[in-house]
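Heads up: the structure comes next, in structure tokens.
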Ligand SMILES: [Ca+2]
């Protein structure tokens with residue numbers, strides 16, 4: 001093929017297909033009725049490439065939505081048309097070519113939009129937030145549970161995950177008369193706490209934490 005012929009060839013394949021025809025990514029033209037019919041007519045997959053929002057058929061074995069866009073699925077939408085949609089917990093990018101996992105601060109319409117993307121979260125004022133008792137991780141992609149001595153702002157930051165606790169001076173503390181377990185995950189009465197600490201090592205830890213009470217008791 002001469003240089004002139006090559007130029008004409010590339011001009012032809014890059015020309016937009018006539019009305020009623022689909023322009024394949026490789027420059028070929030196929031009838032629009034062949035789009036998403038389950039056959040790779042373009043030979044590059046572009047006439048079968050599904051993006052978020054394109055029609056799909058739930059019973060069709062080939063060409064599943066997630067073959068093209070990970071974390072997507074064929075859903076029966078409200079207008080009775082099956083379309084590729086991102087799974088709950090994910091949202092589509094502007095091009096519809098990617099489903100992105102929601103993180104803290106992303107938009108949402110239901111609690112599952114957030115909680116299916118990351119645990120211990122919910123949708124409030126159309127934004128994903130951590131549940132009470134949990135705080136944003138440094139990367140903003142997960143919610144971390146509070147423990148005794150973790151920072152807090154209000155009582156529910158602490159008592160929603162640890163009964164008999166409160167927020168005092170900016171940190172979670174046990175209520176008066178209650179003492180935290182060794183892992184600082186619970187606040188218990190001293191008698192209850194002692195029933196869980198019957199080994200030498202745990203008694204030693206308890207003594208370090210509450211020497212006065214242990215001495216009084218024994
Ligand atoms: Ca096709």
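Residue numbers (UniProt numbering): 1 to 218.
For every residue, glycine included, the Cβ atom is placed at its ideal position computed from N, Cα and C.
Fair warning: this is a prediction, and the values are worked out from it, not measured in the lab.
So who's on the other strand from residue i, going by DSSP bridges?
| i | result |
| --- | --- |
| residue 171 | 151, 168 |
| residue 91 | 100 |
| residue 83 | 55, 75 |
| residue 189 | 178 |
| residue 21 | 31 |
Whole-angstrom Cβ separation of residue i and residue j, contact assumed at under 8 Å?
| i | j | result |
| --- | --- | --- |
| residue 167 | residue 180 | About 14 Å; that fails the 8 Å criterion. |
| residue 69 | residue 84 | 7 Å |
Does the Cβ of residue i have 16 or more other Cβ atoms within 10 Å, making it buried, or fewer, making it exposed?
| i | result |
| --- | --- |
| residue 89 | buried |
| residue 126 | exposed |
| residue 150 | buried |
| residue 20 | exposed |
| residue 163 | exposed |
| residue 148 | buried |
| residue 18 | exposed |
| residue 161 | buried |
| residue 143 | buried |
| residue 100 | exposed |
| residue 183 | exposed |
Give the list of continuous beta strand (DSSP E) stretches no shorter than 3 residues that lie fully inside the region 105 to 158.
Entirely contained in the region 105 to 158, the beta strand (DSSP E) runs reaching 3 residues are, in chain order, 121 to 124, 127 to 130, 134 to 136, 143 to 145.
At a cut of 8 Å, does the region 35 to 49 reach the region 72 to 81 through at least three beta carbon pairs?
With a cut-off of 8 Å, the region 72 to 81 and the region 35 to 49 do not count as touching, because too few Cβ pairs lie within range.
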